[in-house]
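When you line the sequence shown up against my numbering, it's residues 24 to 649, in that order.
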Amino acid sequence: MSKKQFKAESKRLLDLMINSIYTNKEIFLRELISNASDALDKRYYGSMTQKKENIDKSNLKIKISIDKDNKTLTIEDNGCGMSKEELENNLGTIAKSGSLAFKQAQEKQEDVDIIGQFGVGFYSCFMVSNEVSVISKSLDNDAYIWNSKGVDGYTIEPTQKDEIGTKIILKIKEDTEDEKYSRYLETYTIKNLVKKYSDYIHYPIIMDVEHEKLKEGTKNEYEKITETETLNSMVPLWKKKKSEITQEEYDSFYTSKFSDFSKPQKVIHTQAEGTFSYNALLFIPSHLPYDFYTKQYEKGLQLYSNGVLIMEKCEELLPDYFSFVKGLVDSPDLSLNISREMLQHDRQLKTLAKNIEKKINSELTKMLNNERDEYIKLFNNFGTQLKYGAYDNYGIDKDKLKDLLMFYSSNDKKLTTLKEYVERMKDDQKEIYYACGETLDKIDMLPQVEKVKEKGYEILYLTENIDEFVIHSLANYNDKKFTNICTNELDLDSEEEKEKLKKENEENKEMLDTMKTALNNEVQLVRFTHRLKNHPVCLTSEGAISLEMEKVINAMPTDQNIKAQKVLEINEDHPIANKLKELYIEDKEKLKDYSKILYSQARLIEGMSVENPTEISNLICDIMAK
């Protein structure tokens with residue numbers, strides 16, 4: 024028996040295969056099972072076209088066996104088998120793929136589903152074994168055994184084998200400090216790997232499994248029995264017709280596949296055919312994952328090629344704002360790289376991702392329009408993420424998401440969309456009004472709110488930290504500008520009222536400047552206003568940074584100290600206005616005290632802290648005591 028050498032380039036590739044190409048050793052089983060599935064496909068297809076034998080497809084199978092004593096793992100199929108020449112060509116020359124040649128020859132046929140497009144997957148078994156034997160018999164040839172211990176070369180010689188097919192025997196390596204190879208001789212490990220990577224191979228993958236069973240006629244005596252188990256489910260749920268799948272099947276698949284204790288809120292089952300075909304089965308969880316806002320959370324969909332798992336988490340398939348979606352995509356048209364762990368063409372992934380994004384968006388829109396209560400549940404769970412998507416990357420995706428966003432309304436304190444708000448706008452209304460605060464009730468008590476509501480205008484109540492940043496990113500909706508009622512942008516006065524107010528501020532300019540100075544220039548301006556109905560005072564802002572933005576940004580774990588340009592506004596129609604005018608004439612020192620109290624009141628109304636509460640408390644007590 025003479026040993027044959029791999030060609031020089033094949034020897035280098037084999038060394039690379041074992042040490043570099045595959046990042047995960049456990050995928051060797053996926054590769055060998057995929058090759059076995061190919062062989063079964065070829066035999067079945069050959070029986071239909073060449074009529075050399077009559078094959079019952081139900082008899083075709085893949086068998087896995089473990090021999091712990093001899094430390095071997097065997098993968099056997101009753102597929103087409105290989106002749107001596109095919110063993111030489113397919114295993115003696117790395118990257119010579121029989122599957123690829125077969126697929127190219129039959130590419131116009133529809134019922135042939137060949138997984139292995141590269142002749143390198145077989146060699147991944149050398150990552151876990153130090154000797155590999157392949158015993159194979161084809162339909163028209165004798166049996167041969169191919170044996171190799173790796174880069175040193177291989178031998179081929181005649182052997183005995185009764186049935187047509189191929190048996191691959193792996194001599195598993197000894198354990199090392201870094202790798203426990205013996206785990207591949209454990210039934211539990213093999214079952215899990217089949218379930219993980221090859222669950223949807225459409226031939227049964229069987230294994231003899233030993234169980235303990237209560238001995239008949241006894242109460243506590245057990246005997247060991249061996250039963251043959253089918254390890255894979257074979258038919259992917261997503262390849263079945265929707266009409267044949269019950270909601271219970273969808274729910275069961277989701278809870279088991281994605282380790283969730285609750286049923287999904289929404290199932291999206293879609294497929295596309297044409298130049299780039301795929302099936303997608305997507306789920307929207309019914310609750311926020313416990314680790315969703317942690318670094319540990321990994322977004323992404325499972326990526327399959329013809330039912331074989333390629334990537335556990337393909338994050339490129341989902342934009343961040345849909346990162347809560349779980350599920351999988353299966354496509355027969357993916358161009359995989361040499362290890363089948365990545366894609367060769369980014370454009371395929373981009374096409375998939377674009378189509379999936381559109382489908383999710385479309386389904387969420389349908390839910391919003393037709394199942395509002397369900398959508399509100401979804402939005403309560405994941406609305407923040409959708410808002411983040413509209414704001415992130417300088418609002419590049421805002422137009423895709425703006426109609427999915429919801430905010431609370433002053434009308435009924437329930438969630439509403441921007442579209443619904445605009446549809447309810449008064450004929451003379453040109454702006455979308457909003458106000459920010461910690462809670463709906465606190466916003467409702469803002470002094471500025473009363474006047475706007477009296478005018479009959481609806482106000483959006485923004486209670487999340489991100490809300491105002493989203494509004495700034497959107498800038499407008501249907502050409503309607505957003506206006507924060509707590510800024511100087513609010514303009515509800517008539518021309519006559521504006522002129523009257525302007526005159527009032529001009530006549531009292533010196534008094535208002537005195538008040539500003541008393542506040543150590545904490546405010547940009549002190550002025551009279553008509554924006555308040557019954558309230559005496561409020562705090563507003565000018566410029567790009569609002570009062571709420573100041574609070575949000577300064578609460579972040581950074582060294583930033585952002586300050587809004589604050590304006591202390593006093594109700595010109597409130598009795599306090601006349602009291603201030605009297606103090607300016609009679610007691611300017613007391614006016615300064617009043618200024619500090621009014622400013623502190625305005626800060627408290629806005630949910631802001633008072634820098635020197637002791638001083639303010641003493642001032643109030645002094646006034647009360649007189």
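We put the CB at the ideal spot given by N, CA and C, even for glycine.
Since this is a predicted model, take the numbers as computed values, not measurements.
With a CB to CB cut of under 7 Å and the five nearest residues on each side skipped, what residues in its chain are close to residue i?
i: S346; result: K322, Q408
i: H495; result: none
i: E339; result: L372, A376
i: Q183; result: A166
i: N77; result: S70
i: H553; result: D516, E520, L524, E595
Give me, in chain order, the residues of the same chain whose beta-carbon lies closer than 6 Å to that of residue i; leave out the 5 immediate sequence neighbours on both sides.
i: A541; result: K615, S618
i: S623; result: V633, I639
i: V493; result: K410, A413, Y414
i: F551; result: E527, N528, I593, E595
i: Y320; result: D314
i: R66; result: G102, C103
i: D198; result: Y204, S205
i: Y398; result: M390, L391
i: P312; result: none
i: G460; result: I466
i: G350; result: L304, L305, F306, L324
Taking DSSP as the reference, what is the three-state secondary structure of residue i?
i: T317; result: coil
i: Y456; result: strand
i: I646; result: helix
i: F405; result: helix
i: Q325; result: strand
i: P181; result: strand
i: V217; result: helix
i: T563; result: strand
i: A303; result: strand
i: E481; result: coil
i: Y167; result: strand
i: M468; result: coil
i: C103; result: coil
i: I78; result: coil
i: N635; result: coil
i: G630; result: coil
i: V352; result: strand
i: K238; result: coil
i: V155; result: strand
i: E335; result: strand
i: G188; result: strand
i: T462; result: coil
Please classify residue i as buried or exposed, where buried requires at least 16 neighbouring CB atoms within 10 angstroms.
i: T440; result: buried
i: F284; result: exposed
i: S282; result: exposed
i: I89; result: buried
i: G240; result: exposed
i: Q325; result: buried
i: I248; result: exposed
i: N641; result: exposed
i: S433; result: buried
i: Y316; result: exposed
Kindly give me the distance between the Cβ atoms of residue i and residue j, rounded to whole angstroms, as I take these residues to be in contact under 8 Å.
i: E481; j: Y444; result: 6 Å
i: Q547; j: C509; result: Going by Cβ atoms, the distance from Q547 to C509 rounds to 14 Å, so no, they are not a contact pair.
i: T251; j: D231; result: 5 Å
i: A235; j: Y245; result: Reading off the sequence shown, one finds Glu at residue 235, where the question assumed Ala. Confirmed, about 4 Å.
i: I229; j: T210; result: About 13 Å; that fails the 8 Å criterion.
i: K80; j: V151; result: The Cβ separation is near 31 Å, so there is no contact.
i: Y220; j: L96; result: Not quite, the Cβ-Cβ distance comes to about 15 Å (not below 8 Å), so this is no contact.
i: E571; j: E473; result: The pair is not a contact, with the Cβ atoms about 18 Å apart (cut-off 8 Å).
i: D353; j: P287; result: At roughly 18 Å, the Cβ-Cβ gap does not stay under 8 Å, so D353 and P287 are not in contact.
i: V217; j: N255; result: 6 Å
i: L357; j: S385; result: Going by Cβ atoms, the distance from L357 to S385 rounds to 24 Å, so no, they are not a contact pair.
i: L497; j: K442; result: With 8 Å as the limit, L497 and K442 do not qualify as a contact, their Cβ atoms being about 12 Å apart.
i: T388; j: L438; result: Between L438 and T388 the Cβ distance is about 16 Å, and since that is not below 8 Å, they are no contact.
Is residue i near the ligand COA, in the sense that its beta carbon is under 7 Å from a heavy atom of that ligand?
i: E233; result: The ligand COA is not part of the structure shown, which contains no ligands of any sort.
Note down, in chain order, each residue of its chain lying with its Cβ closer than 8 Å to the Cβ of residue i, except the 5 sequence neighbours on either side.
i: I643; result: I620
i: C148; result: F51, E54, L55, V155, I191, L193
i: Q588; result: Q547, S564, E565, G566, I568
i: V590; result: N511, V546, Q547, L548, V549, R550, L562, T563, S564, E565
- Query: Which ranges does the beta strand (DSSP E) cover as unbroken runs of at least 3 residues, wholly within the region 242-299, from first to last along the chain?
  - Reply: 245-253, 289-295
- Message: Going residue by residue through the region 567-608, where are the continuous beta strand (DSSP E) segments of at least 3 residues, counting only ones entirely within it?
- Response: 588-594
- Runs of beta strand (DSSP E) lying entirely within the region 371-456, each at least 3 residues, in chain order: 429-432, 438-440
- Length at least 3, wholly inside the region 487-560: the beta strand (DSSP E) runs in chain order: Fully contained in the region 487-560 are the following beta strand (DSSP E) runs of length 3 or more, in chain order: 503-507, 548-552.
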